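S.K.: Residue numbers (the working numbering), protein chains in the order written: chain A, 71 to 219; chain B, 71 to 219.
Each residue gets a CB set at the ideal place from its N, CA and C atoms; glycine is no exception.
Predicted model only: the values in this text are computed from it and were never measured.
Just passing along the structure, written as structure tokens.
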DNA sequence: ATACAGATTTGAATAATCTTCAAAATATAA
DNA sequence: TTATATTTTGAAGATTATTCAAATCTGTAT
């Protein structure tokens with residue numbers, strides 16, 4: 071049981087949802103087919119990338135959230151995209167950005183607890199290409215993915 | 071027209087979506103009503119907070135993304151939640167976290183361009199309670215809200 | 001081990017929502 | 001203005017979601 075619930079969470083975290091056309095139509099007081107036309111159009115044009123669920127991450131073993139500033143080694147510095155793509159592949163990584171400033175990358179990582187985060191730092195962030203990291207732990211998540219807590 | 075499309079985007083950015091039960095059931099090869107039961111349970115227990123759309127933010131006039139480290143003034147320092155809640159109220163703010171380390175808050179802000187971001191800094195981040203800010207601009211968003219680009 | 005209570009799974013009927021499609025309205029370009 | 005493309009809309013049929021009762025599974029106390 072817990073098994074299938076985890077699978078559902080995984081699938082919902084990046085897809086497997088759909089817009090509520092009737093709800094939107096009622097809210098905006100326009101015909102549903104008009105909403106549908108515009109939504110379809112935005113999907114076709116790549117304006118909408120996905121429909122997904124937002125969780126209370128404390129309740130799905132992802133309660134610990136860290137922002138990490140990553141500085142790359144000299145030989146990776148000119149091509150941050152390789153390591154960025156690698157980090158993006160991890161399910162615990164919510165976001166990866168190549169940024170301006172002292173550090174090359176900013177990532178947001180969710181883990182069950184600090185032990186698991188430490189493992190992440192040891193296993194994932196200790197790659198040859200990464201020179202050093204600076205973690206900032208979230209003590210309270212007031213807003214996430216445009217959704218207020 | 072553009073008017074209603076903007077309203078749709080606004081509503082989809084934090085809700086007005088729903089899980090695709092048939093899709094989940096087929097993927098997991100279990101009956102749809104089982105998926106439904108578990109999803110409903112997770113909604114009831116507050117595990118799932120919302121269903122929403124993820125956009126290509128460049129295509130909806132939110133192409134510029136900034137991470138901002140915010141240090142609070144002495145008199146707000148002991149109660150960051152007031153300012154955090156205030157910032158969370160802005161539609162341009164994707165996330166607000168109260169963090170450990172030198173700065174009290176980390177926020178993620180999306181704007182049309184740098185001009186609009188400058189206005190945001192001037193108008194929103196120049197409150198009495200905020201001592202100083204440090205912006206890091208995203209040059210490339212590799213992964214956002216668990217969705218890869 | 002057994003019996004019990006609560007939680008979970010499941011299928012069938014019903015209800016609601018979505019998709020399709022063609023026509024009408026509107027906007028855009030020549 | 002006329003022609004062309006885009007957008008809006010309603011009605012039908014198709015798909016998906018909800019309800020609900022029965023069956024199954026789980027954990028627990030006896």
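Taking residue 122 (chain B) as the reference, give the member of B:203, B:108, B:207 and B:88 with the closest Cα.
M.R.: B:88
S.K.: Please go through the stretch 120-171 of chain B and give each complete beta strand (DSSP E) segment of 3 or more residues, from N-terminal end onward.
M.R.: Within the stretch 120-171 of chain B, the complete beta strand (DSSP E) runs of at least 3 residues are 134-142 and 163-169.
S.K.: Distance, Cα to Cα, residue 206 (chain A) vs residue 74 (chain A)?
M.R.: Here the alpha carbon of residue 206 (chain A) sits roughly 33 Å from the alpha carbon of residue 74 (chain A).
S.K.: Determine, for residue 185 (chain B), whether the minimum Cβ-Cβ distance to residues of chain A falls below 9 Å.
M.R.: Residue 185 (chain B) does not count as touching chain A.
S.K.: Measuring alpha carbon to alpha carbon, tell me which residue in B:76, B:192, B:107 and B:82 is nearest residue 94 (chain B).
M.R.: B:107
S.K.: Is DSSP giving residue 205 (chain B) helix, strand or coil here?
M.R.: strand
S.K.: What does DSSP give as the partner residues of residue 176 (chain A) in its beta bridges?
M.R.: Looking at the DSSP output, residue 176 (chain A) shares a beta bridge with A:139 and A:167.
S.K.: For the beta strand (DSSP E) that residue 88 (chain B) lies in, which residues bound it at each end?
M.R.: 87-89
S.K.: Which residue marks the beginning of the alpha helix (DSSP H) containing residue 220 (chain B), and which one marks its end?
M.R.: With chain B running from 71 to 219 in the structure shown, residue 220 (chain B) is simply not present.
S.K.: Give the single residue among A:153, A:111, A:175 and A:91 whose Cα lies nearest to the Cα of residue 102 (chain A).
M.R.: A:91
S.K.: Please state whether the Cβ-Cβ distance between residue 153 (chain B) and residue 200 (chain B) is less than 9 Å.
M.R.: yes
S.K.: For residue 167 (chain A), I'd like the list of residues in its chain whose CB is within less than 6 Å of its CB, leaving aside the five on either flank, ordered along the chain.
M.R.: Within the same chain, residue 167 (chain A) has close Cβ partners 176.
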